[in-house]
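A.B. asks: Can you keep this structure in mind? I'll have questions shortly.
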Amino acid sequence: GPTGKAGNRNIVAKGKAGNEVVAKGKAGKVDRSGEGEDRDTNLCQRLREVVDGLKIRKEERSEAANCVNEVVSKLLEHIRGKPNSCFHNIRKIPSGSYYESVKISRPNEFDMMVGLKVERTRLTAVDADGAYYTVQLKRVVGSHPLTQFVVGDILSAPAMLQHLRTLILQASRAITERSVRVQRRRPGSPAVTLLIVEGQQEISLDMVLALEIHSCWPHSTQQGLGIANWLGTKVRTELRRSEFYLVPKDMPQGGSQPPQGTWRVSFSHIEKLLIRNHGREKTCCEVRAPKCCRKPCLKLLKNLVGKLKEGNPQKFSKLCSYHAKTALLHACVKRPRDEEWALQDLDRCFSLLVKDFLEHLHTRCLPHFFIPDYNLFSEQLFEVRHLTALQGLIQSQVDSKFPIFSSK
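In our numbering, the protein residues as written are 482 to 889.
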């Protein structure tokens with residue numbers, strides 16, 4: 482599968498032959514004629530200050546991450562060590578904003594997938610968009626570690642998630658160095674949530690169960706991951722050779738839900754690579770190289786969305802940072818050159834990103850970056866009046882030059 486290195490801004494994807502393909506692009510000029518009249522230097526400076534304020538101190542971030550990694554390592558070691566464990570090959574798959582280096586504010590929330598490699602599976606789409614599936618085990622000969630979770634030939638998502646929860650609960654009791662408590666399950670959540678107490682700090686950790694599938698990506702992804710003009714056709718081809726994941730997630734309202742539950746496709750490991758290795762030029766954001774503002778723009782949009790959700794928690798309950806990340810990925814495809822994201826143009830770039838987000842709200846269409854037919858703003862997921870209300874609130878922020886960023 483593809484590998485991304487923290488100190489390297491290239492996307493490096495390793496194929497079957499082990500060859501490395503590096504995304505490269507041609508430098509180009511951005512037409513900024515006439516922009517001088519529109520530039521608001523005060524806004525640009527204020528946005529920079531907001532981004533700086535969102536940065537987490539390196540020591541604070543490192544302390545929290547070390548604590549989380551230590552707890553997860555002990556939990557997984559305990560689970561793998563159980564006799565005849567059906568989760569014997571479970572492993573940590575770092576995902577989420579911390580690992581994409583776009584985490585904002587205090588480092589008190591982490592999420593990561595814990596992957597379980599499952600071979601010889603048959604996937605059946607249960608929605609028209611190709612995002613949700615049932616899973617069958619093929620050619621089961623003798624005893625298979627997961628047969629205990631098979632109900633009517635289908636792998637039960639709720640049963641597997643409950644088993645993981647039980648194992649984590651047992652393993653957490655063996656940790657004596659710090660307090661680790663398993664939280665009550667949130668309806669519809671694919672995660673087991675832990676509360677870790679480290680000194681005076683409480684850290685929330687979502688451990689998301691994920692089936693690791695090593696086969697061709699689902700047919701619904703064929704037109705997705707449209708990065709050819711941004712990072713190159715070769716990179717896209719190599720990324721599509723990597724594994725993908727399935728997380729236990731029920732279909733939205735309106736779908737015919739199988740009693741065994743459904744699994745939703747996840748490409749969070751690919752998203753991490755795209756966010757961390759975002760440059761068309763291989764040197765983008767490296768030391769002594771031009772810096773872009775893709776990540777700062779994402780942090781600002783996440784902050785904007787988060788603050789609006791805080792003010793309207795019920796109306797925007799389904800709104801999350803994933804919508805901001807998806808909008809940013811589409812914007813990177815729309816404006817693929819590094820020069821279009823120059824750091825000194827933060828105000829212009831963020832304004833364009835917000836304009837894109839407003840357009841997604843206006844059309845009520847935010848296509849999943851990997852499954853283009855799966856609309857993250859569909860009526861099954863969001864009420865139209867709530868999207869309209871969000872559009873109005875964001876437009877008001879634009880017109881007033883984002884006063885929300887000045888509020889605590």
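Every residue gets a Cβ at the ideal spot worked out from N, C-alpha and C, and that includes glycine.
Compute the beta-carbon to beta-carbon distance between Ser701 and Asp610, rounded to the nearest angstrom, for a pair I have assumed lies under 8 Å.
C.D. replies: 7 Å
A.B. asks: If you compare alpha carbons, which of Ala638, Val678 and Gly705 is closest to Ala672?
C.D. replies: Ala638
A.B. asks: Grab the span of the beta strand (DSSP E) containing Gln617 for me, first residue to last.
C.D. replies: Tyr613 to Leu618
A.B. asks: Give the list of continuous alpha helix (DSSP H) stretches no shorter than 4 residues that lie fully inside the region 765 to 818.
C.D. replies: Runs of the alpha helix (DSSP H) lying entirely within the region 765 to 818 and spanning at least 4 residues, in chain order: 775 to 792 and 802 to 815.
A.B. asks: Whose C-beta lies closer than 6 Å to the C-beta of Gln664 among residues of the same chain, with five residues either side of it excluded?
C.D. replies: Thr674 and Leu676
A.B. asks: Would you report the Cα separation of Glu541 and Glu719, rounded to the nearest angstrom?
C.D. replies: Computed Cα separation, rounded: 36 Å.
A.B. asks: Can you name, in chain order, every residue of its own chain whose Cβ lies under 8 Å from the Cβ of Asn875, other than the five neighbours on each side?
C.D. replies: The residue asked about is misnamed: residue 875 is Ile in this sequence, not Asn. Hits under 8 Å: Leu785, Leu789, Val835, Phe838, Leu839 and Leu842.
A.B. asks: What's the gap between the Cα of Ser877 and the Cα of Leu535?
C.D. replies: Distance between the alpha carbons of Ser877 and Leu535 is about 22 Å.
A.B. asks: For Glu679, which beta-bridge partners are listed by DSSP?
C.D. replies: In DSSP, Glu679 forms a bridge with Gln682.
A.B. asks: Quick check on the burial criterion: 16 or more other C-beta atoms within 10 angstroms. Buried or exposed for Cys766?
C.D. replies: buried
A.B. asks: For Val616 and Lys715, what's the separation of their Cα atoms in angstroms?
C.D. replies: 30 Å
A.B. asks: Please work out which residues of its chain come closer than 7 Å, Cβ to Cβ, to Leu862, disregarding the five sequence neighbours upstream and downstream, and give them in chain order.
C.D. replies: Pro733 and Lys799
A.B. asks: Ser802 to Lys783, Cα distance in whole Å?
C.D. replies: Straight-line Cα distance between these residues: approximately 5 Å.
A.B. asks: Quick one: what does DSSP say Met641 is sitting in, helix, strand or coil?
C.D. replies: When secondary structure is reduced to three states using DSSP, Met641 falls in the helix class.
A.B. asks: Just to confirm, is the Cβ distance from Ala640 to Leu556 under 8 Å?
C.D. replies: no
A.B. asks: Does the region 841 to 857 come close enough to the region 594 to 610 to have 3 or more Cβ pairs within less than 8 Å?
C.D. replies: yes
A.B. asks: Determine the closest residue to Trp744 out of His559, Ile649, Pro668 and Ala691, with distance taken between C-alpha atoms.
C.D. replies: Ala691
A.B. asks: Out of Glu791, Lys796, Gly680 and Leu827, point me to the one whose CA is closest to Ala545's CA.
C.D. replies: It is Gly680 whose Cα lies nearest to the Cα of Ala545.
A.B. asks: How many whole angstroms separate the CB atoms of His867 and Lys796, which I take to be in contact at a CB cut-off of 8 Å?
C.D. replies: 5 Å
A.B. asks: Going by C-alpha to C-alpha distance, which of Ser566, Val553, Glu590 and Ile560 sits closest to Lys573?
C.D. replies: Val553
A.B. asks: Going by CA-CA distance only, name the one from Gly760, Leu524, Val661 and Glu821 that's closest to Asn550.
C.D. replies: Val661
A.B. asks: In whole angstroms, what separates the C-alpha of Lys495 from that of Glu821?
C.D. replies: Annotation note: pLDDT 41 at Lys495 (below 50); position unreliable, coordinate value reported separately. Roughly 28 Å between the two C-alpha positions.
A.B. asks: Does DSSP put Lys536 in a helix, a strand or coil?
C.D. replies: coil
A.B. asks: Report yes if the C-beta distance between Val831 and Cys773 is below 8 Å; otherwise report no.
C.D. replies: In the sequence as displayed, the identity of residue 831 is Phe instead of Val. Cβ atoms of Phe831 and Cys773: not closer than 8 Å.
A.B. asks: When we look at the beta-carbon of Glu693 and count the other beta-carbons within 10 Å, is it buried (16 or more) or exposed?
C.D. replies: buried
A.B. asks: Can you tell me which residues form a DSSP beta bridge with Ala606?
C.D. replies: Tyr614
A.B. asks: Are Asp731 and Cys525 touching if we call contact CB-CB under 8 Å?
C.D. replies: no
A.B. asks: For Pro740, write down the residues that DSSP places opposite it in a beta bridge.
C.D. replies: Its beta-bridge partners do not exist; DSSP assigns none.
A.B. asks: For Ala770, which of Cys548, Leu824, Ser887 and Arg529 has the nearest alpha-carbon?
C.D. replies: Leu824
A.B. asks: Pick out the complete alpha helix (DSSP H) segments inside the region 856 to 888, 4 residues or longer, and give them in chain order.
C.D. replies: 865 to 880
A.B. asks: Is the Cβ-Cβ distance between Leu712 and Arg654 less than 8 Å?
C.D. replies: no
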